[in-house]
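Protein chains in written order, with my numbering: chain D, 702 to 1014; chain X, 55 to 388. Here the structure is laid out as structure tokens; the discussion comes afterwards.
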């Protein structure tokens, strides 16, 4: 069995999504956080300790900037240099830059680990064959892996702990700067569900989820599916199916869609989640389809509070 | 980043299979629902006459007692020790051991039926029903109620008193220990685990599995999943059996060999009670097919057919040796 680091399902930065066939979502720029917390500078610079920044103004990147960032993520040959640029922007208060930096670092940290897996990776692919993946499908994944491992090689080698520290630092910064995805993914405190701390944290997460959904990006239903599911009671797979329904060509064959899309977006890994949709039991599929239909209805009607209000359970 | 999501999903699926694999799902749920109850010594050696204390690990905890536990936290941690010291040693002959084990299994089934009737599980089932077609829900609602009535028809009253519960758990463990000592096959299917390494356990499990299939006892064969899990635990390498639905494999084998798995059968009633499963199917195989990812059903069905062929042809030698590494299906995607 693989000794694979258990990680959360991370959101990806906003992208210029593939043909969205769903509703015409809101086109306004994403809402800025209502009140940015006091910036906490974590010193996300690659090899240095945290250092305070004097005047940091939290803000969101423009939609065009985010699209450009995503494009660079898939085409930039010097990802380490790109990370430096994102870091500088995050230092200046750009929440999206901090979030994308975390995504970039986490993606390349994973590639670094995969590069050391050796026989375990082969075994993983063998497992996929047992689960019905064809040689061609596995070859697609291997190609993506190979490509991205090479692209990430511009990062200097470092320990797993060092990767983790930098990723965590950048994620924390993104949350502090008001990135709704980062705020949505903040872990809830431990304790009874009705304890004040948990109730408050859940409400904060719900507010962040609403802000996120207000962006009208179908890929957010995909990228934040586990977090949205946690808040709403709909299943994670139901959010995945809702997102898949909004992407041209996905629902027909989620697995093929995922594997093809991954050629370009492997590092941010969005579409990989769709693989799960090809593995639903008949009974589960009935439930997922029904929940997905309700998610889409509420999403299209922009009833985000209701969507995250727990009615799904 | 989700570049690793597909790997994680696969890993999670595999781990889930391992976790639930050959252990009965209901018993897994029982353990999960009452994780810290400390009912009794787990075997005769641990609860010996020297009065040595022995707290039961989660693995050795008695599922029936666990399932009937009001709350794990409510039980005094030292009470079982006192009770264990007071428990007289039992001695069974073969017939008595079998009667006692049948009663034990029956009590376990009753506890599981009660567990699935608790508000938590009822609520979960209602949540599922909210998303299913109304006619299907109506059919399932009737089937669940009928199954529950059948399953609990001759069950003893539920124990709610804490002290009595502990006492009952002690008795249950003492009965199991005595039945093991008597060499009862059913008792051997619940090997004592504490203090034993996986290789030793696997060797014992393997020997017991051969004896079970040779016995032709359908009920015992249907319960072989737990022992199968012990074998896989010991294998150390990935095998095809890790991907099979371990909680369904051996019941399906028993069905093919003649165990009643049709409407109103105990096998189908028990499976239908489990959360995530539907009810009202014509047989167990239909239930398993509906609740499994297609690729997994295909593997499970293939494996169960292989086993049935071997059992019918009495080609038993070596059948519980370590399984070969997984191979891709001959025609690609299921």
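Cβ atoms here follow ideal geometry from the backbone N, Cα and C, with glycine treated the same way.
*Mind checking which residues open and close the alpha helix (DSSP H) that includes residue 326(X)?*
Annotation for residue 326(X): the continuous alpha helix (DSSP H) segment containing it runs 320-327.
*Any idea what DSSP makes of residue 311(X), helix, strand or coil?*
coil
*Apart from the five residues on each side of it in sequence, which residues of its chain come closer than 6 angstroms, Cβ to Cβ, to residue 806(D)?*
867 and 868
*Option nearest residue 906(D) by Cα separation, candidates 998(D), 1005(D) and 767(D)*: Residue 906(D) has its Cα closest to that of 1005(D), out of 998(D), 1005(D) and 767(D).
*Would you mind listing the alpha helix (DSSP H) stretches within the region 843-878 of chain D that are 4+ residues and don't spill past its ends, in chain order?*
861-877
_DSSP bridge partner residues for residue 760(D) (one or two, in chain order)_ = 795(D)
*Taking only beta carbons into account, state which residues of the region 313-341 of chain X come closer than 7 angstroms to chain D, listed in chain order.*
Under the 7 angstroms Cβ criterion, the region 313-341 of chain X contributes 332.
*Compare the Cα-Cα distances from residue 284(X) to each of 252(X), 248(X), 233(X) and 269(X) and report the closest residue.*
252(X)
*Give a yes or no on whether the minimum CB-CB distance between residue 996(D) and chain X is below 8 angstroms.*
no
*asked:* On the DSSP letters alone, give me the boundaries of the alpha helix (DSSP H) that residue 826(D) sits inside.
replied: Where residue 826(D) is concerned, the enclosing alpha helix (DSSP H) stretches over 820-831.
*asked:* Please report the straight-line C-alpha distance between residue 173(X) and residue 198(X), rounded to a whole angstrom.
replied: 14 angstroms
*Could you check what DSSP says for residue 116(X) in three-state terms: helix, strand or coil?*
The predicted position of residue 116(X) is uncertain, since its pLDDT is 39 and thus under 50; no value can be drawn from it.
*For residue 955(D), count neighbouring Cβ atoms within 10 angstroms of its own Cβ and tell me buried if that reaches 16, exposed if not.*
buried
*Reduced DSSP category for residue 358(X) - H, G, I as helix; E, B as strand; rest coil*: Helix.
_Cβ separation of residue 357(X) and residue 295(X), assumed to be a contact under 8 angstroms, to the nearest whole Å_ = 7 angstroms
*Would residue 120(X) count as contacting chain D if we go by Cβ distances under 8 angstroms?*
Reliability of the predicted coordinates at residue 120(X) is poor, the pLDDT of 35 falling under 50, and the value obtained from them is presented with this limitation in mind. By this cut-off, residue 120(X) is not an interface position.
*Counting only beta-carbon atoms, is residue 271(X) nearer than 8 angstroms to chain D?*
no
*Spatially closest choice to residue 229(X) from 191(X), 157(X) and 261(X), by CA coordinates*: 157(X)
*Hey, residue 937(D) and residue 944(D): beta-carbon distance below 8 angstroms or not?*
no
*From residue 646(D) to residue 787(D), what does the alpha carbon distance come to, in whole angstroms?*
With chain D running from 702 to 1014 in the structure shown, residue 646(D) is simply not present.
*With DSSP run on the structure shown, which of helix, strand or coil describes residue 348(X)?*
In this structure, residue 348(X) counts as helix in the three-state DSSP scheme.
*Mark residue 324(X) as exposed unless 16 or more other C-beta atoms lie within 10 angstroms of its C-beta, in which case mark it buried.*
buried
*asked:* In this structure, how does DSSP classify residue 303(X) when only helix, strand and coil are distinguished?
replied: helix
*What is the rounded straight-line gap between the Cα of residue 152(X) and the Cα of residue 213(X)?*
24 angstroms
*Measure from the alpha carbon of residue 302(X) to the alpha carbon of each residue in 341(X), 247(X), 287(X) and 187(X), then state which is nearest.*
Measuring from the Cα of residue 302(X), the nearest candidate turns out to be 341(X).
*Using the rule of at least 16 other Cβ atoms within 10 Å of the residue's Cβ for burial, across every protein chain shown, is residue 1002(D) buried or exposed?*
exposed
*Report the three-state DSSP secondary structure of residue 264(X) (helix, strand or coil).*
helix
*According to DSSP, is residue 777(D) helix, strand or coil?*
coil
*Going along the chain, which residues of the region 982-1007 of chain D sit with their C-beta nearer than 7 angstroms to a C-beta in chain X?*
982, 983, 984, 987, 988, 991 and 992
*On a CA-only basis, which of 327(X), 362(X) and 361(X) is nearest residue 194(X)? Give me that one, please.*
327(X)
*Please name the residues in the region 763-785 of chain D whose beta-carbon is closer than 7 angstroms to at least one beta-carbon of chain X, in chain order.*
Taking 7 angstroms as the Cβ-Cβ cut-off against chain X, none of the residues of the region 763-785 of chain D qualify.
_Host alpha helix (DSSP H) of residue 233(X) (start-end)_ = DSSP places residue 233(X) in the uninterrupted alpha helix (DSSP H) bounded by 216-235.
*Can you tell me the Cβ-Cβ gap for residue 345(X) and residue 330(X), rounded? I've got them flagged as a contact below 8 angstroms.*
6 angstroms
*Shorter than 8 angstroms from the beta carbon of residue 347(X) to some beta carbon of chain D?*
yes
*Is any heavy atom of the ligand FAD found at a distance shorter than 7 angstroms from the C-beta of residue 237(X)?*
The ligand FAD is absent from the structure shown, which contains no ligand whatsoever.
*What residues from the region 178-193 of chain X come within 9 angstroms of chain D, judged by C-beta to C-beta, listed N to C?*
The residues in question are 181, 182, 184, 185, 186, 187 and 190.
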